[in-house]
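All remarks here apply to the structure that follows.
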Amino acid sequence: MAQALSLLLDRELLALNRAVGELRRRNLPIESLAVGPGDAPGQARLTVIVNTDDATAEMTMRKLHKLSGVQSATRFPVRDGVARELALVKVRVPPERHAELLDVCDMFKATVVAEPPEQAIVQLAGTGAFVLAFVRALERFGILEMTRSGAVALPCLPAE
Amino acid sequence: MSVAELLSGAQILCRVLVEEGVDTIWGYPGGAIMPFYHALPDVPEIRHVLVRHEQAAAHAADGYARATGRIGVCVATSGPGATNLVTGLATAHMDSSPVLAITGQVPRPMMGRDAFQETDVLGITLPITKHNCLIGDVAELADKTRAAIAIATEGRPGPVLIDVPKDVQNQKTEYRPVSGVGRQVSSARFSLTPDTQHLTPPDDRVRQAARLIAAAERPLLMVGHGVILSGAYDEVRRLAEKTGIPVITTLLGISAFPESHPLHLGMPGMHGEVHVNRAIQHADLIVGIGLRFDDRVTGNTKGFAPRAAIVHIDLDASEIGKNVPVAVPIVGDARAATARLVAAVAPRRCEAWIAEVQGWARQREESYCGDLSPENIVAAIHDAAPDRCTIVTDVGQHQMWVAKLYPYRRPNTHITSGGLGTMGFAVPAAMGVKLARPGEAVWAISGDGGFQMNMQEIATMVQERIAVKMAVFNNGYLGMVRQWQQFFHGGRYSATPIWSPDYVKLADAYGIPGWRVERASDLEPVLARASAQPGPALVEFVIEQEANVFPMIPPGATLSEPIEAEPAAAAGD
Chain A
9 MAQALSLLLD RELLALNRAV GELRRRNLPI ESLAVGPGDA PGQARLTVIV
59 NTDDATAEMT MRKLHKLSGV QSATRFPVRD GVARELALVK VRVPPERHAE
109 LLDVCDMFKA TVVAEPPEQA IVQLAGTGAF VLAFVRALER FGILEMTRSG
159 AVALPCLPAE
Chain B
386 MSVAELLSGA QILCRVLVEE GVDTIWGYPG GAIMPFYHAL PDVPEIRHVL
436 VRHEQAAAHA ADGYARATGR IGVCVATSGP GATNLVTGLA TAHMDSSPVL
486 AITGQVPRPM MGRDAFQETD VLGITLPITK HNCLIGDVAE LADKTRAAIA
536 IATEGRPGPV LIDVPKDVQN QKTEYRPVSG VGRQVSSARF SLTPDTQHLT
586 PPDDRVRQAA RLIAAAERPL LMVGHGVILS GAYDEVRRLA EKTGIPVITT
636 LLGISAFPES HPLHLGMPGM HGEVHVNRAI QHADLIVGIG LRFDDRVTGN
686 TKGFAPRAAI VHIDLDASEI GKNVPVAVPI VGDARAATAR LVAAVAPRRC
736 EAWIAEVQGW ARQREESYCG DLSPENIVAA IHDAAPDRCT IVTDVGQHQM
786 WVAKLYPYRR PNTHITSGGL GTMGFAVPAA MGVKLARPGE AVWAISGDGG
836 FQMNMQEIAT MVQERIAVKM AVFNNGYLGM VRQWQQFFHG GRYSATPIWS
886 PDYVKLADAY GIPGWRVERA SDLEPVLARA SAQPGPALVE FVIEQEANVF
936 PMIPPGATLS EPIEAEPAAA AGD
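So the protein lines, in turn, are chains A and B. As numbered in the working numbering, residues 9 to 168 make up the first sequence, in order. As numbered in the working numbering, residues 386 to 958 make up the second sequence, in order.
Next up, the structure:
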């Protein structure tokens, strides 16, 4: 079952290193890791999506919680919240296919965010599966490069 | 009223250590830590002990910390000095011991350029410290050091490491001593585990535990290191005496409850007595206090205490439910939580249950040739030791014999490497214990394998006049590994026979008295003379080569499946 672990860390690589090291040591099936700014200055947010049972996720969360540099740790099954990632995809678009690209983007509520000559960089937010479906839809254009952020997540219900 | 002074990082480090009450540190100088060593002679409050290998500095600091409950400090230079601390820090981490390691680092402009004696000690020690950090500027040195000590000692203790670049040690800044109030502020600011420090156990859980105790027919108390760390001896004893529940002490819980107490059962687990493990398997309630249900205690957890509901008191929430399912979790300090439980329980007795358990106890035939048995040796060491004596053991067969046979009476007088099982621990750790308890006798008991891992520290004892008594159980084998080979590997003694030097001559070379004991009749006179020595002394016991520790739960088996005698002649592969 996909579980989201959401950690507020001291904003230093050592804290991130410690948290990721604990995950590595436990050999968990990690689906994605996303790191960004936290809620306050000096904080970072680490979101981990991991496929595991409730008990393992809970034990992992408690272990993470006590690490030096980890300010808070919460978890919830992804199905009890939302998990979304950002994808940037660079495709080849000759001018005559530009309208076709916009149609595909429209279907997925994606946006063209940059247009180098004969190319377009498209931005999409969504679940992992949604992003993959979008990438498949773009394949007909020829994908030059892409990058995905890993998921960030929020619970719909209070975590505890 | 504090006045700011312009001091170097090295001087500030010394000042902070003094402020924090540090009186003894263990270390080894080298290039990147030289400014600190340059400042040290101006600080008479701190005694520095020069070890012969940095691993010994970490073990000695650990021993000092375990004996005092206060921070133990070790110092090393960058690179090899820092990496040599690793085993000691991992040992302290597994056994929750508050150790501060101070390492020199190459100057900041050299970092990341593969400089001479540069190593990423933060990266190396990340998973074996409770906290570690680089001191990036002298301005943060004092606060980060105070915070590191606070983190090491608060909550569940553990080792911390601060890495101080050489140029930061030389950098100058204004230094203000911090008063008691300021210290609390700084430690609260860096407080690590807000959810476990203050926790008073919720009343309903304590009441629930008390109800289970009242209803149980076969209850047990299992107590571990947490009882020693929190000083919960009286509370545990009152709980046992009020309820009549028999008490099991784990390897690190030994001496938390008097061995001579009628309610004391013994040590559980891999080498626990049969009746102790059987009691666990028949119990309908286990109240665990300050232990972590380690695999050496539980055997195969699938078959551990199949009939028992478990009440688990521990300061560290992540320990509860980690290895065994827990019916009533109580997150809190062992002393406070046990005191509440004592108040909540109704007086009762467990006489029928205790009689049942005692009925399972039986004398075992020792597989022993000659009269210099572990029983005789341990009894003789005890008889020769003064009333106040701490035993530090190494890892292996002798460790189990001493754990099972030495009649500990006073709390925290048994110190050993439990979680990590670090051979070579006893000799250096005993130096730390001795300086922490100068008025007491301290014995370091090792096997011939573990002793040879750190016997270089005899030189430290001589130079620093640290009067540790050393006992070596010499059977010419890495005995515990040999025992496993005999039991589980068809008797193929691969790489376990081990040659020893002449220990009497070795002692002589170091200028300390040494004896070799080969007969039980020599035990008393030799141990009397060794004990009477004002300085360090070494006694070698030449014991039966292939003696085994019984009983033994095979790895992966449950506590219900002990081996109680030699396997039939090795079946071969």
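Backbone N, C-alpha and C define an ideal beta-carbon position, used for all residues, glycine too.
- Query: If we count the other Cβ atoms within 10 Å of its Cβ and call it buried at 16 or more, is Ala-12(A) buried or exposed?
  - Reply: With 16 or more neighbouring CB atoms inside 10 Å of its own CB, Ala-12(A) falls in the buried class.
- List the residues of chain A whose Cβ lies closer than 7 Å to the Cβ of His-478(B), in chain order. Chain A residues near His-478(B): none, gap ~12 Å exceeds 7 Å.
- Simplified DSSP assignment, three categories, for Ile-762(B): Reduced to three states, the DSSP call for Ile-762(B) is helix.
- Message: Within the continuous beta strand (DSSP E) that includes Ile-151(A), where are the two ends?
- Response: 151-156
- Task: Return the chain-ordered ranges of every alpha helix (DSSP H) run that is complete within the region 618-677 of chain B and spans a minimum of 4 residues.
- Result: You should have 618-628, 659-667.
- Query: For a contact meaning CB atoms closer than 8 Å, what does Met-67(A) contact in chain B?
  - Reply: For the C-beta of Met-67(A), the chain B residues within less than 8 Å are, from N- to C-terminus, Ser-703, Gly-706, Lys-707.
- Query: Taking three-plus beta-carbon pairs below 8 Å as touching, is the region 705-720 of chain B in contact with the region 614-633 of chain B?
  - Reply: yes
- Would you mind reading off the limits of the alpha helix (DSSP H) that contains Gln-79(A)? It is not in any alpha helix (DSSP H) - Gln-79(A) instead sits in the beta strand (DSSP E) that spans 78-85.
- Message: Using a Cβ-Cβ distance cut-off of 8 Å, determine whether Ser-571(B) contacts chain A.
- Response: For Ser-571(B), the pLDDT reaches just 42, beneath the cut-off of 50, and the residue's location in the model is therefore unreliable, although a value from the coordinates is still provided. No, no contact with chain A.
- Distance between beta carbons of Val-672(B) and Ile-766(B), contact taken as under 8 Å: Actually they do not touch by this definition, with Cβ atoms about 33 Å apart.
- Message: Taking CB distances under 8 Å as the criterion, tell me whether Cys-518(B) reaches chain A.
- Response: yes
- Query: Interface residues of chain B around Arg-70(A) at Cβ under 8 Å?
  - Reply: Ala-702, Ser-703
- Query: Where DSSP assigns a beta bridge to Gln-127(A), which residues make up the other side?
  - Reply: Note: Gln-127(A) sits in a beta bridge opposite Arg-100(A).
- Message: At a CB distance below 8 Å, what residues from the region 476-510 of chain B approach chain A? Give them in sequence order.
- Response: Leu-507, Gly-508
- To the nearest angstrom, how far is it from the Cα of Gly-925(B) to the Cα of Asn-859(B)? First, the amino acid is wrong: residue 925(B) is Glu here, not Gly. Whole-angstrom Cα-Cα distance: 7 Å.
- Query: What three-state label does DSSP hand Val-121(A) in the structure shown?
  - Reply: strand
- Message: Using beta carbons (cut-off 8 Å, strictly below), is Lys-551(B) in contact with chain A?
- Response: no
- Message: Quick check on Ser-76(A) - is its C-beta less than 8 Å from some C-beta in chain B?
- Response: yes
- Query: Should Pro-544(B) and Val-484(B) be called a contact, given that it needs their Cβ atoms to be closer than 8 Å?
  - Reply: yes
- Task: Would you verify that the beta carbon of Leu-16(A) is, or is not, closer than 8 Å to some beta carbon of chain B?
- Result: no
- Message: Which residues of the region 25-49 of chain A have a Cβ closer than 7 Å to any Cβ of chain B? Give them in chain order.
- Response: If you check each beta-carbon in the region 25-49 of chain A against every beta-carbon of chain B, the ones closer than 7 Å belong to Asn-25, Arg-26, Gly-29, Arg-33.
- Check Ile-598(B) in the structure and name its three-state DSSP category. In the displayed model, Ile-598(B) falls within a helix according to three-state DSSP.
- Message: Can you tell me whether Tyr-888(B) is helix, strand or coil according to DSSP?
- Response: helix
- Item | Residue from Val-553(B), Ala-395(B), Thr-453(B), Ala-417(B) whose Cα sits closest to the Cα of Pro-426(B) | Ala-395(B)
- Message: Check this for me: beta carbons of Ser-76(A) and Arg-156(A), under 8 Å apart or not?
- Response: no
- Task: With DSSP collapsed to three states, give me the class of Ser-906(B).
- Result: helix
- Backbone CA spacing between Trp-884(B) and Gln-870(B) [nearest angstrom]: 18 Å
- Task: Over the uninterrupted alpha helix (DSSP H) stretch that includes Thr-510(B), give me the two end residues.
- Result: 506-510
- Ile-129(A) versus Val-58(A) - alpha carbon distance: 29 Å
- Compute the Euclidean distance between the alpha carbons of Pro-163(A) and Ile-38(A), then round it to the nearest angstrom. 19 Å
- Minimum Cβ-Cβ distance from Leu-94(A) to chain B less than 8 Å: no
- Report the three-state DSSP secondary structure of Val-139(A) (helix, strand or coil). helix
- Where Pro-465(B) sits in the DSSP three-state scheme: helix
- Just reading off the alpha helix (DSSP H) that Leu-22(A) is part of, what are its end residues? 21-33
- Listed by chain order, chain A residues near Lys-515(B) by CB distance under 8 Å: Ser-76
- Message: With the cut-off set at 8 Å, would you say Thr-135(A) and Ala-91(A) are in Cβ contact?
- Response: The Cβ atoms of Thr-135(A) and Ala-91(A) lie closer than 8 Å to each other.
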